[in-house]
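Residue numbers (my numbering), protein chains in the order written: chain A, 550 to 859; chain B, -11 to 294. Even for Gly, the Cβ is constructed at its ideal location relative to N, Cα and C. Values in this document were obtained by computation on a predicted structure and should not be read as measured data. Data first, discussion second: the structure below is written as structure tokens.
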Amino acid sequence: MKEIVVISGKGGTGKTSLTAAFAAMGGKQVLADCDVDAADLHLVLNPEIIREDVFIGGSKASIREEDCTGCGLCVEHCRFRAIEYPVAASGDRADKPRINPVFCEGCRVCVRICPVEAIAFDPAESGRLFVSRTPLGPMVHACLGVAQGNSGKLVTLVRNEARAIAEREACELIIIDGPPGVGCPVIASITGANLALIVTEPTLSGHHDMQRAAELTAHFLIPTLVCVNKWDIHPGMTERIEKEARDHGVIPAGRIRYDQLVTEAQVRRTNVLACGDSPIGEEIKALWRCIEGALNGARTGGAGLKTVPP
Amino acid sequence: MMDRPLKIAVASGKGGTGKTTVAVSLALTAAATGKTVQYLDCDVEEPNGHIFLKPQIHSRFPATVRLPEVIEKKCNGCGVCADICAYNAIAVVKEKVLIFPELCRGCGACSLFCPQGALVEISRPVGTVEIGAGAGVAFIRGVLSIGQIMSPAVIAAVKDAAGDQEITLLDCPPGTSCPVIEAVRDADAVLLVTEPTPFGLHDLTLAVEMTRALEKPFCVVLNRFDLGDDKTVAYCREENIPIVLSIADDRRIAETYARGEILIEALPSYAPVFTDAWERIWTWCIGRMPEKEVPAPANRERTATS
Ligand code: SF4
Ligand code: SF4
Ligand code: SF4
Ligand code: SF4
């Protein structure tokens, strides 16, 4: 079983639209949407949810007002500024502090420090995990509750679930739609993947973000391809990004043009390839062939990566 | 009425909606009205503001988190610290304490509760803060070091380094999780930048939910408003969310962005659009400011799950 993860450094580069198009070509596969913070893949895959799990990311503290003496020790020791004295509109400060669950990181310091045991600590729902059937194969996706931490843990759950399904249904491939950035959820999305595809745009920021994403995949020793989306917006920058990528050991795998068809496909809740033959469709198909070549090469220890034409 | 400084966070449920374009152009627009302005790049995983503002950086320092360290001769290997740590960042193996810095959140529990007082805290760098100025605007940005996960700590360091300018624009990371919360929590108001596409609308609804959970006033900037469908405008109308700025889908904007140019400088015809918008945003913000300064809201117990 192989895992390919599509990431982007910065968001909004067309990563999810490309992932959906890849899914239309991939054959027997499992799809995993690891952008749990802003999962969008389901919007174009018409999923039918067959299982829904509650995700408990951790516990949160809350003060039992009747037991609290208002000593303020918890306020002083919470490093996440989650505990404060409510202030009324009149400017009066309450005697007893409150914990804002949005900011509580569940470290338990307050629970331990409270001299009168006035602080409860209970598991809290921080998101949902879904297993769905889609016309393009099984999909695992998730939705992190707003203002919840622990996205890395939820990403790991999504990946584990996708692997379990792939094994059960003898799927050869898992396509992962990764989150933006280079932080905790991205790290959880890429570790152990066979191949990463960085989708970038030919802009100065795209250039900069591609470098950071490439450093990250290098840090985790993941063979990496790059694709410049909307390349014709700035052909010079496209060249620069591709050259820079090669210097980083990242292989340019294709260029995709700027085309309104991408938005149109999204509005029609489908992928670009399902909108009939088009030049952009041909470019995406060529890109996918390149990815498949690299994946098969990766099977023999990554050497095959070098045979991918730039 | 409004003498105190105003902090506006520019955020979006998803990346690539034009957050930085809007934040940078608004910063310049506000500066042109004679206010002192600072731009804080809180998108520390992918900071991009410097590309446009081209600031001269005059100081640079590490953003740190606190990390426990064992004083070996005091430690008796009791294992209490490993039990206490909620993030599995400490293990005690054969009476020897092992600390995993990548997992530590610096909560302070272990050093606070070690019965032998054998843990002290040291500073661990997780990123860099840079301070400077460019295009007539004070500039501060944070950069998370590669392989690190403590974005919120770097964002907090950026905010700590902020000056007392009349206007602060915080360019936030995309999404709705911990880093965004950290960037938005001390702001007076939030601008949510979105596109009228199915992805854009879906991510906007998440961002709205987050902003409501933080009890912040917010309004919407609609980028590429003539693209996609009309569901986003309908949503805003239904939810009573003001749209304070609409920007057309203009290929020239994408091109100036690609070249790292500031929109209102490269395409001056957009300057009046931003001047109008700034006036609207300003009026809207002060209309929502309480007379007295009310500190961060903590007066409603609410679990912010979806
Ligand atoms: S559990 Fe930790 S983060 Fe939560 S309120 Fe208590 S001290 Fe603060
Ligand atoms: S430490 Fe306990 S008693 Fe003291 S203010 Fe906090 S909750 Fe109340
Ligand atoms: S709690 Fe203190 S004494 Fe016990 S193992 Fe940890 S560091 Fe050592
Ligand atoms: S400071 Fe907190 S997170 Fe870090 S090791 Fe100690 S208990 Fe764990």
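Exercise. For chain A, is any of its Cβ atoms less than 8 Å away from the one on E60 (chain B)?
Worked result: Among the residues facing chain A, E60 (chain B) is not included, as its CB has no counterpart in that chain under 8 Å away.
For this session: From the DSSP output, in three-state form, read off A843 (chain A) for me.
Result: Correct three-state label for A843 (chain A): helix.
For this session: Would you tell me roughly how many angstroms separate the C-alpha atoms of N649 (chain A) and E831 (chain A), rounded to the nearest one?
Result: N649 (chain A) and E831 (chain A): Cα-Cα distance of roughly 51 Å.
Problem set entry | Straight-line gap, T164 (chain B) to K61 (chain B) (C-alpha atoms, nearest Å) | Counting only the Cα atoms, K61 (chain B) lies some 44 Å from T164 (chain B).
For this session: For N211 (chain B), count neighbouring Cβ atoms within 10 angstroms of its own Cβ and tell me buried if that reaches 16, exposed if not.
Result: Here N211 (chain B) is buried. Its C-beta has 16 or more other C-beta atoms within 10 Å.
Exercise. Ligand 4 heavy atoms versus the CB of R661 (chain A): any closer than 7 Å?
Worked result: No, the Cβ of R661 (chain A) stays beyond 7 Å of every heavy atom of ligand 4.
For this session: Run the CB neighbour count on S257 (chain B), radius 10 Å, all protein chains shown included, and call it buried at 16 or more, exposed below.
Result: Burial state of S257 (chain B) is exposed, judged by a 10 Å Cβ sphere holding fewer than 16 other Cβ atoms.
For this session: State the start and end residues of the unbroken beta strand (DSSP E) segment that holds P113 (chain B).
Result: For P113 (chain B), the enclosing beta strand (DSSP E) starts and ends at L107 to G122.
Exercise. Could you check where the alpha helix (DSSP H) with R677 (chain A) kicks off and where it finishes?
Worked result: Bounds of any alpha helix (DSSP H) do not take in R677 (chain A); it lies within the beta strand (DSSP E) bounded by I668 to T683.
Problem set entry | K147 (chain B): contacting residues in chain A (beta-carbon distance under 9 Å) | Close partners of K147 (chain B) in chain A (Cβ separation under 9 Å) are lacking, with about 12 Å as the shortest Cβ gap.
For this session: Consult DSSP for I78 (chain B) and reduce its assignment to one of helix, strand or coil.
Result: Note: I78 (chain B) maps to strand in three-state DSSP.
Exercise. Between P103 (chain B) and ligand 3, is the CB less than 7 Å from at least one heavy atom?
Worked result: For ligand 3, at least one heavy atom lies less than 7 Å from the Cβ of P103 (chain B).
Exercise. For ligand 4, is there a heavy atom less than 7 Å away from the beta-carbon of P140 (chain B)?
Worked result: No, the Cβ of P140 (chain B) stays beyond 7 Å of every heavy atom of ligand 4.
Problem set entry | Cβ separation of F127 (chain B) and L41 (chain B), assumed to be a contact under 8 Å, to the nearest whole Å | At roughly 6 Å, the Cβ-Cβ gap stays under 8 Å, so F127 (chain B) and L41 (chain B) are in contact.
For this session: Determine the DSSP secondary structure at N709 (chain A), reduced to helix, strand or coil.
Result: DSSP, read as helix, strand or coil, puts N709 (chain A) in helix.
For this session: Kindly say whether T618 (chain A), judged by its beta-carbon, lies nearer than 8 Å to any beta-carbon of chain B.
Result: The beta-carbon of T618 (chain A) is placed no less than 8 Å from the nearest beta-carbon of chain B.
Exercise. Is the closest heavy atom of ligand 2 to the C-beta of P517 (chain A) under 7 Å?
Worked result: Nothing in the structure corresponds to residue 517 (chain A), since chain A is present only between 550 and 859.
For this session: Just the chain B side, please: which residues come within less than 8 Å of L765 (chain A) by C-beta, in chain order?
Result: Here the neighbours are I134 and G135.
Exercise. In chain order, what residues of the same chain have a beta carbon less than 7 Å from the beta carbon of W272 (chain B), not counting five sequence neighbours either side?
Worked result: Correct list, in chain order: C207, P230 and V232.
Exercise. Can you list the beta strand (DSSP E) stretches of 3 or more residues lying completely in the region -6 to 48 of chain B, in chain order?
Worked result: Listed in chain order, the complete beta strand (DSSP E) runs (minimum 3 residues) inside the region -6 to 48 of chain B are -6 to -1 and 25 to 29.
Exercise. When every heavy atom of ligand 2 is checked, does at least one fall within less than 7 Å of the C-beta of L16 (chain B)?
Worked result: Not under cutoff, so the answer is no.
Exercise. Who are the near neighbours of A286 (chain B) in its chain, counting only those whose CB is closer than 7 Å to its CB and skipping five residues on each side?
Worked result: Unreliable positioning characterises A286 (chain B) in this predicted model, as indicated by a pLDDT of 37, which lies under 50. A coordinate reading is not provided.
Exercise. So which of B:S99, B:H38, B:C66 and B:P103 has the shortest CA-CA distance to I110 (chain B)?
Worked result: Selected option, being the one with the closest Cα: B:S99.
Exercise. Taking 7 Å as the cut-off, is the CB of G65 (chain B) close to at least one heavy atom of ligand 3?
Worked result: Yes, ligand 3 has a heavy atom inside 7 Å of this Cβ.
Problem set entry | Residues sharing a beta bridge with M688 (chain A), DSSP | For M688 (chain A), the beta-bridge partners assigned by DSSP are A:L580 and A:S681.
Exercise. So P103 (chain B) is in the alpha helix (DSSP H); what residue range does that whole segment cover?
Worked result: Secondary structure note for P103 (chain B): it is in no alpha helix (DSSP H), with a DSSP letter that is neither H nor E.
For this session: Could you list which residues in chain A have their beta carbon closer than 9 Å to that of F213 (chain B), in chain order?
Result: Those within 9 Å of F213 (chain B) in chain A number zero; the least Cβ separation is about 13 Å.
Problem set entry | Ranges of the alpha helix (DSSP H) found wholly within the region 714 to 774 of chain A, counting only runs of at least 4 | Listed in chain order, the complete alpha helix (DSSP H) runs (minimum 4 residues) inside the region 714 to 774 of chain A are 733 to 739 and 753 to 768.
Problem set entry | Interface positions of the region 783 to 806 of chain A facing chain B (Cβ-Cβ less than 7 Å), listed along the chain | Here the close residues are H783 and M786.
Exercise. Is any heavy atom of ligand 1 found at a distance shorter than 7 Å from the C-beta of G925 (chain A)?
Worked result: For chain A, the structure presents residues 550 to 859; residue 925 (chain A) sits outside this window and is missing.
Problem set entry | Rounded C-alpha distance that separates L590 (chain A) from S47 (chain B) | For L590 (chain A) and S47 (chain B), the distance between alpha carbons rounds to 42 Å.
Exercise. Under a CB-based cut-off of 8 Å, is C224 (chain B) close to chain A?
Worked result: At least 8 Å separates the CB of C224 (chain B) from every CB of chain A.
Exercise. Leaving out five residues before and five after T565 (chain A) in sequence, what residues of the same chain have Cβ atoms less than 6 Å from its Cβ?
Worked result: The beta carbon of T565 (chain A) sits closer than 6 Å to those of D589, L590 and D726, all from its chain and outside the five residues before and after it, given in chain order.
Exercise. Roughly how many angstroms separate the alpha carbons of R247 (chain B) and L753 (chain A), rounded to a whole number?
Worked result: Put simply, the backbone Cα of R247 (chain B) is about 6 Å away from that of L753 (chain A).
For this session: Kindly indicate if chain A contains any beta-carbon less than 8 Å away from that of G96 (chain B).
Result: It does: the Cβ of G96 (chain B) has a partner Cβ on chain A nearer than 8 Å.
For this session: Go ahead and pull the three-state DSSP assignment for A286 (chain B).
Result: The predicted model places A286 (chain B) with a pLDDT of 37, which falls under 50 and marks its position as unreliable; any figure quoted below should be read in that light. A286 (chain B): coil per DSSP, three-state reduction.
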